[in-house]
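Residue numbers (my numbering), protein chains in the order written: chain A, 1 to 265; chain B, 1 to 265.
Cβ atoms here follow ideal geometry from the backbone N, Cα and C, with glycine treated the same way.
Source: prediction; values computed, not measured.
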């Protein structure tokens with residue numbers, strides 16, 4: 001940005017750019033058609049800018065005073081008044097920093113022999129999707145596959161829970177989980193369903209999967225669909241004492257990811 | 001309960017028993033002086049009753065219709081009107097089942113050579129304390145030690161996140177973490193601080209700890225106090241790629257607990 005050029009100010013909540021940003025925040029379908037998402041946060045926006053294209057950045061005077069480094073970020077910049085920030089945030093308490101980013105485009109073409117993948121089916125809780133994206137990035141996974149019924153990785157809640165991991169690990173949204181599993185198996189990637197029935201104990205499954213591995217995790221309440229379990233090579237479960245009925249999906253998934261972590265970790 | 005005897009009904013929000021229950025829900029100090037806590041939930045209350053003494057059970061007509069098995073639980077029983085349930089819950093949306101339970105009394109006398117322990121210091125988030133209690137129970141730990149500054153294990157939020165694990169794994173609240181670590185080390189238990197500085201990679205630490213192990217975890221933001229790190233035998237960290245800055249405390253702790261899980265898991 002040219003430092004001599006003054007940052008334009010948006011004073012109206014009805015400004016077309018603000019309405020557009022709010023629509024991105026509220027509608028997964030609109031995000032998909034625009035190939036863009038809105039994020040909020042003094043720390044989160046600069047973090048996301050490292051991994052994907054920042055298109056437009058909005059900040060309040062208050063935020064800029066607290067974090068002058070915002071001015072150095074790429075993209076179009078706009079100063080916004082506090083009441084405009086409240087509209088973007090949907091709540092009064094907000095950090096005064098918002099940005100529209102490009103959704104990184106990733107397809108199943110990325111999937112390859114020897115890769116490490118996490119696939120989620122019907123994981124509806126944005127906190128769990130975010131946590132699992134973060135763990136997948138931390139433990140050296142090559143991509144996360146999101147099947148039907150999952151929380152959007154580009155919603156505010158998921159972005160917060162993932163701490164921006166969605167732009168650091170490729171996210172591939174697919175229509176059919178069984179087709180994707182078939183594709184992975186053709187490439188020799190071992191597809192392991194997290195399921196209780198007919199499953200091996202995780203501690204008995206080798207951490208080394210030279211052909212690659214895809215850990216497939218289902219909904220918090222109902223688990224995976226039977227077709228998805230059937231499409232996989234085999235099923236695994238985390239052994240537990242009888243003092244616990246179950247684990248939270250984010251925890252169980254992270255333990256599975258840790259088990260199959262990348263080499264050198 | 002004598003089935004011939006009719007369950008008394010509480011119709012007033014100002015009933016002394018209701019006020020007492022609300023005070024238990026709101027004050028950690030009162031819970032400690034009364035040695036009792038209040039829990040809410042159609043599934044959670046029966047679950048807790050398996051692990052500790054149920055003193056008083058409150059339910060609405062609606063809840064009893066949905067779960068007639070409530071009538072078979074031990075303790076004193078009271079039917080409550082909906083507006084009384086709202087007072088107990090603090091919110092309108094509630095499941096209409098509440099119970100006062102005895103806090104299981106556990107002390108450092110339980111700590112023994114060869115045991116597996118989790119110790120938390122300044123873990124303030126009730127969700128993280130609850131999650132870690134649940135993982136400790138699932139992975140065969142013998143007790144959880146709560147040092148100063150931790151979220152109360154007997155608050156509503158922690159009880160929900162723990163799914164009742166706090167009565168299935170002994171919880172020992174201690175005043176001094178360094179004294180407790182010294183006591184464990186005297187018994188030959190290896191005390192491992194979760195810390196970044198001067199630490200070994202978890203993958204390089206043997207899962208077998210024949211003398212016993214205590215995993216010590218600190219606050220989400222600041223980690224452990226230096227005195228606590230210094231009191232431990234050594235420090236461990238979870239190896240991560242550079243695509244993640246950190247893990248959520250509940251996730252990181254659960255991965256550590258999984259690594260040091262009980263035999264046969």
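For the 9 Å CB-CB criterion, residue 163(B) and residue 161(A) do not form a contact.
DSSP places residue 188(B) in the coil class of the three-state scheme, outside both helix and strand. In the structure shown, residue 250(A) falls within a helical segment according to DSSP collapsed to helix, strand and coil.
Per DSSP, the unbroken alpha helix (DSSP H) holding residue 24(A) starts and ends at 16-26. Boundaries for residue 150(A): no beta strand (DSSP E) harbours it, and the DSSP string shows neither H nor E there. Within the segment 120-133 of chain A, 131 place their CB atoms closer than 8 Å to a CB of chain B, listed in sequence order. At a cut-off of 9 Å, the C-beta of residue 98(A) has no neighbouring C-beta in chain B. In this structure, the beta-carbon distance from residue 184(A) to residue 146(A) does not fall below 9 Å. Cβ contact annotation for residue 200(B) (same chain, cutoff 8 Å, sequence separation greater than five): 234, 235, 236, 237, in chain order. At a Cβ-Cβ threshold of 9 Å, residue 139(A) and residue 100(A) do not count as neighbours. Interface with chain A (9 Å Cβ-Cβ cutoff): residue 199(B) is excluded. Contact with chain B is absent for residue 102(A), since none of that chain's Cβ atoms lies less than 9 Å from the residue's Cβ. Taken in chain order, the complete beta strand (DSSP E) segments of 3 or more residues contained in the segment 18-82 of chain B are 36-40, 54-59, 76-80. As DSSP reads the structure, residue 117(B) sits in a beta bridge with 143(B), 214(B).
Not a single CB atom of chain B sits nearer than 9 Å to the CB of residue 181(A). Under the criterion of beta carbons closer than 8 Å, residue 227(A) and residue 158(A) do not qualify as touching, at roughly 26 Å. Annotation: the continuous alpha helix (DSSP H) that includes residue 162(B) extends over 156-162. For residue 235(A), DSSP records a beta bridge to 193(A). Here the C-alpha atom of residue 59(A) lies approximately 5 Å from the C-alpha atom of residue 79(A). Along the segment 3-33 of chain B, there is no position whose C-beta sits under 9 Å from a C-beta of chain A.
Near chain B, meaning a CB-to-CB distance below 8 Å, the residues of the segment 217-241 of chain A are 238, 239, 240, 241.
As computed with DSSP, residue 102(A) is found in a beta bridge with 36(A). Closer than 9 Å to the CB of residue 91(B) there is not a single CB belonging to chain A.
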